[in-house]
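Residue numbers (the working numbering): 2 to 92. Built from N, CA and C at the ideal position, the CB exists for glycine as well. Presented below is the structure to which this report refers.
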């Protein structure tokens, strides 16, 4: 238990941090493109919205696990049905 308290975040952040780092780079690019798409069309494409919300879900689940709000290990996914934390984002 003491190891998880002091070093548990390290074991979690290495694999998740690696994946979220590259997903974060893609997130910035998709956000930039989505901004222009919304500017000219008035609506965000569903796939872009799903990707951005999936990144937020993944980060929320990881933060909840690192802060000891849940005991279930967070999945490497941003799908709404995968994971202990339910996050809802209006479309």
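Would a C-beta distance cut-off of 9 Å place residue 75 and residue 13 closer than the cut-off? Within the chain shown, residue 75 is the residue found at index 74, counting from 1. Within the chain shown, residue 13 is the residue found at index 12, counting from 1. Cβ distance < 9 Å, so residue 75 and residue 13 count as in contact.
So does the segment 43-50 actually touch the segment 59-66, counting three or more Cβ pairs closer than 8 Å? no
Three-state secondary structure (DSSP) of residue 71: Taking the first residue of the chain shown as position 1, residue 71 is located at position 70. Residue 71: coil per DSSP, three-state reduction.
Considering only residues of the same chain and omitting the five flanking positions on each side of residue 24, which have a CB-CB separation below 6 Å? As a first step, residue 24 must be located in the chain shown, where it is residue number 23. Result list for residue 24: 56, in chain order.
Looking at chain C, is there any beta carbon in it that lies within less than 9 Å of the beta carbon of residue 57? Annotation note: the requested chain C is absent from the structure, which comprises a single protein chain.
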